[in-house]
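2 protein chains.
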Amino acid sequence: MPSLQRRLEGNKTRQQTVKYRITLAYDGTDYSGFQFQTGLKTIQGVLNSAVDKLESAPVTLHAAGRTDAGVHAEGQVISFQLNGDWDPSTLVRAINGNLPDDIRVLDAARAPEDFHARFNAKGKTYRYQVWNGEVMNPFLLRHAWHYRYAIDIEKLSEQSRALLGTHDFSAFTVSDCEVRTRIRTITRISIEQQNSLISLVFSGDGFLRYQVRTMVGVLMNANRGRLKINSIEELIESRDRKLAGTPAPAQGLTLMKVEY
Amino acid sequence: MPSLQRRLEGNKTRQQTVKYRITLAYDGTDYSGFQFQTGLKTIQGVLNSAVDKLESAPVTLHAAGRTDAGVHAEGQVISFQLNGDWDPSTLVRAINGNLPDDIRVLDAARAPEDFHARFNAKGKTYRYQVWNGEVMNPFLLRHAWHYRYAIDIEKLSEQSRALLGTHDFSAFTVSDCEVRTRIRTITRISIEQQNSLISLVFSGDGFLRYQVRTMVGVLMNANRGRLKINSIEELIESRDRKLAGTPAPAQGLTLMKVEY
Numbered sequence: 024m025p026s027l028q029r030r031l032e033g034n035k036t037r038q039q040t041v042k043y044r045i046t047l048a049y050d051g052t053d054y055s056g057f058q059f060q061t062g063l064k065t066i067q068g069v070l071n072s073a074v075d076k077l078e079s080a081p082v083t084l085h086a087a088g089r090t091d092a093g094v095h096a097e098g099q100v101i102s103f104q105l106n107g108d109w110d111p112s113t114l115v116r117a118i119n120g121n122l123p124d125d126i127r128v129l130d131a132a133r134a135p136e137d138f139h140a141r142f143n144a145k146g147k148t149y150r151y152q153v154w155n156g157e158v159m160n161p162f163l164l165r166h167a168w169h170y171r172y173a174i175d176i177e178k179l180s181e182q183s184r185a186l187l188g189t190h191d192f193s194a195f196t197v198s199d200c201e202v203r204t205r206i207r208t209i210t211r212i213s214i215e216q217q218n219s220l221i222s223l224v225f226s227g228d229g230f231l232r233y234q235v236r237t238m239v240g241v242l243m244n245a246n247r248g249r250l251k252i253n254s255i256e257e258l259i260e261s262r263d264r265k266l267a268g269t270p271a272p273a274q275g276l277t278l279m280k281v282e283y
Numbered sequence: 024m025p026s027l028q029r030r031l032e033g034n035k036t037r038q039q040t041v042k043y044r045i046t047l048a049y050d051g052t053d054y055s056g057f058q059f060q061t062g063l064k065t066i067q068g069v070l071n072s073a074v075d076k077l078e079s080a081p082v083t084l085h086a087a088g089r090t091d092a093g094v095h096a097e098g099q100v101i102s103f104q105l106n107g108d109w110d111p112s113t114l115v116r117a118i119n120g121n122l123p124d125d126i127r128v129l130d131a132a133r134a135p136e137d138f139h140a141r142f143n144a145k146g147k148t149y150r151y152q153v154w155n156g157e158v159m160n161p162f163l164l165r166h167a168w169h170y171r172y173a174i175d176i177e178k179l180s181e182q183s184r185a186l187l188g189t190h191d192f193s194a195f196t197v198s199d200c201e202v203r204t205r206i207r208t209i210t211r212i213s214i215e216q217q218n219s220l221i222s223l224v225f226s227g228d229g230f231l232r233y234q235v236r237t238m239v240g241v242l243m244n245a246n247r248g249r250l251k252i253n254s255i256e257e258l259i260e261s262r263d264r265k266l267a268g269t270p271a272p273a274q275g276l277t278l279m280k281v282e283y
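Chains as they are written, first to last, in my numbering: chain A, 24 to 283; chain B, 24 to 283.
Here is the structure:
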């Protein structure tokens, strides 16, 4: 039975626990995705090692979005609890000091005790970059998909509207994707072109696994008149993954922002 | 003594020789600079292997600028002679097919017989990128210098004017730099800021080895009031390399354009 002293220390420790949220940017090229996997280099694995060094016991991290292998982030959000009360800017420097150069904590803030980066997320924004030139830009090898077929940008914007709103996106995710519902709402799609670089930005309440990359693949096929079904509307309705074709490659995708 | 037949073939071959100029983009991160060096991976070495495959004899390449290790190019120009008469767009594809992804031929054109990428160059434009944020941008590790001290952009633009015009730039190059003259003319300096990214663009009739990187280092020191001499004007006049301080690191520099 613990002594009074021990129990008081226990209480003291519990009271000092502080919840933090950090914004994380990373180049996902050299990582096997966000989520921890034994024996593989993952963002979570490397970040956990960095944060664990600040504490005497392992820290549990919660990420807003579990990005896949090769996918990047400019505004990933992570929440975790620390025993020590850290000044946020000191915390940024302390974690960054333990991280490799291709992962950076951009900012940190104290958060309410019940804050959870994933469960509390109200919206997310992803950007997908396509390099639509005959010759690939050697500076975008890690950050864009080299797509050679001519793209009609106005038609693309028009075609993308079919994805807006609330739909069952079963056709746009992996068949083994275990989620309660595959209904998601896309609130905004913006498509911009700067010379050969086309950026497709998707905002919504959340995205299924591979959803953004599959939507980009579908849009490119639709633009070339190569959909396996009459229209994107019919594809959504079919809920048939096989009709959606191959998802666009990982390197073009970046998690830009998470809203709470 | 060669037969008439041999001499005719010789003439025929000589007449078919065609001069080409190509525009080259490369990420210099993984290369020991442009110029060929035995046992090292250089842009020239890799490009020469790619071009040699098109011919039965080795091809001599002339580059507009010999970029240093880690320096990039968006518009390097190379000239060379081929025995075959290649359609320029076929030539682009043929060379790119033999090159790694981080070096790309952007375009090719037939050039006058006496065209020489270096000797005929009338002007060059270099860009230097500085990331002036507390936390480095992980996407610019290979393409910008992380400089943490506060930069006063208006003062920087003003200070940069001292470099404009025709000067002996001996203080801004390596002491063993063997050139006929160290007098160069800088025609334009433009400094732009987009959030934490500062781009310094220098145009001139030519630049000495390390000149752009040394100018950037000098401008940053001047901006902090840390020059080893009263002013940039006095530094130029001193022609003393030791007073200029350390050149800015290679990864921020890109050869953007060559004018003829």
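Heads up, the beta-carbon is just placed ideally off N, CA and C, and yes, glycines get one too.
Under 8 Å between the Cβ atoms of residue i and residue j?
i                  : j                : result
lysine 64/B        : proline 135/B    : no
tryptophan 168/A   : alanine 271/A    : yes
leucine 78/A       : leucine 47/A     : Residue identity differs from the one stated: residue 78/A is glutamate in this sequence, not leucine. No. Outside cutoff.
alanine 185/B      : glutamate 260/B  : no
histidine 166/B    : histidine 95/B   : yes
tyrosine 172/A     : leucine 276/A    : no
glycine 268/B      : glycine 240/B    : yes
glycine 98/B       : methionine 279/B : yes
lysine 145/B       : aspartate 228/B  : yes
phenylalanine 57/A : isoleucine 45/A  : no
alanine 194/A      : leucine 266/A    : yes
isoleucine 212/A   : serine 183/A     : yes
valine 235/A       : tyrosine 149/A   : yes
Report the rounded CA-to-CA distance for residue i versus residue j, giving the unit in angstroms.
i                   : j                   : result
phenylalanine 142/B : leucine 129/A       : 47 Å
arginine 127/A      : proline 161/B       : 7 Å
asparagine 244/B    : glutamine 217/B     : 21 Å
aspartate 263/B     : isoleucine 252/B    : 10 Å
valine 281/A        : serine 226/B        : 41 Å
glycine 33/A        : serine 72/A         : Here glycine 33/A scores only 46 on pLDDT, less than 50, and its place in the model should not be relied on; the value that follows carries that caveat. Taking the straight line joining both Cα atoms gives about 25 Å.
threonine 210/B     : threonine 113/B     : 36 Å
lysine 204/A        : phenylalanine 230/A : Per the sequence shown, residue 204/A should be read as threonine rather than lysine. Distance between the alpha carbons of threonine 204/A and phenylalanine 230/A is about 11 Å.
glutamine 39/B      : glycine 107/B       : 7 Å
proline 111/A       : tyrosine 54/A       : 27 Å
lysine 159/B        : leucine 242/B       : Here residue 159/B turns out to be methionine, not lysine, going by the sequence shown. In a straight line, the C-alpha of methionine 159/B is about 20 Å away from that of leucine 242/B.
phenylalanine 103/B : aspartate 50/B      : 22 Å
serine 219/B        : tyrosine 170/B      : 10 Å
arginine 133/A      : lysine 147/A        : 21 Å
valine 100/A        : glycine 156/A       : 34 Å
Mind checking if residue i is an interface residue toward chain A, Cβ cutoff 8 Å exclusive?
i              : result
leucine 278/B  : no
glycine 88/B   : no
arginine 271/B : In the sequence under discussion, the amino acid at residue 271/B is alanine, which differs from the arginine named in the question. False, the Cβ-Cβ gap to chain A never drops below 8 Å.
tyrosine 293/B : Outside the shown range of chain B, which is 24 to 283, sits residue 293/B, and nothing can be said about it.
alanine 48/B   : yes
valine 281/B   : no
valine 128/B   : yes
valine 94/B    : no
leucine 114/B  : no
Using the three-state DSSP reduction, which class does residue i fall into: helix, strand or coil?
i                   : result
phenylalanine 225/A : strand
lysine 51/A         : Rather than lysine, the amino acid found at residue 51/A in this sequence is glycine. Three-state DSSP puts glycine 51/A in a helix.
leucine 250/A       : coil
aspartate 75/A      : helix
glutamate 136/B     : coil
leucine 276/B       : strand
valine 69/B         : helix
alanine 80/A        : coil
glutamine 28/A      : Summary for glutamine 28/A: the model assigns pLDDT 48, below 50, so the residue's position carries little reliability; its value from the coordinates is reported in the next sentence. The answer is helix: DSSP assigns glutamine 28/A an H, G or I state.
arginine 165/A      : coil
lysine 42/A         : strand
alanine 194/A       : helix
For the alpha helix (DSSP H) that residue i lies in, which residues bound it at each end?
i                : result
arginine 150/A   : That residue, arginine 150/A, is in no alpha helix (DSSP H); its beta strand (DSSP E) goes 146-154.
threonine 113/B  : 111-120
isoleucine 174/B : Unbroken run through isoleucine 174/B: none, as it is neither H nor E.
methionine 238/B : 234-246
glycine 98/A     : It is not in any alpha helix (DSSP H) - glycine 98/A instead sits in the beta strand (DSSP E) that spans 95-105.
serine 261/A     : 255-261
Let me check you understand the geometry: is the CB of residue i closer than 7 Å to at least one non-hydrogen atom of the ligand COA?
i              : result
arginine 207/B : Ligands are entirely absent from the displayed structure, and the ligand COA is therefore not among its contents.
For chain B, is any of its Cβ atoms less than 8 Å away from the one on residue i?
i                : result
aspartate 125/A  : yes
asparagine 119/A : yes
aspartate 57/A   : The sequence as given places phenylalanine at residue 57/A; aspartate does not occur at that position. No, no contact with chain B.
alanine 73/A     : no
methionine 159/A : yes
leucine 164/A    : yes
Which stretch, first to last residue, makes up the beta strand (DSSP E) that contains residue i?
i               : result
serine 213/B    : 206-217
aspartate 191/B : 188-191
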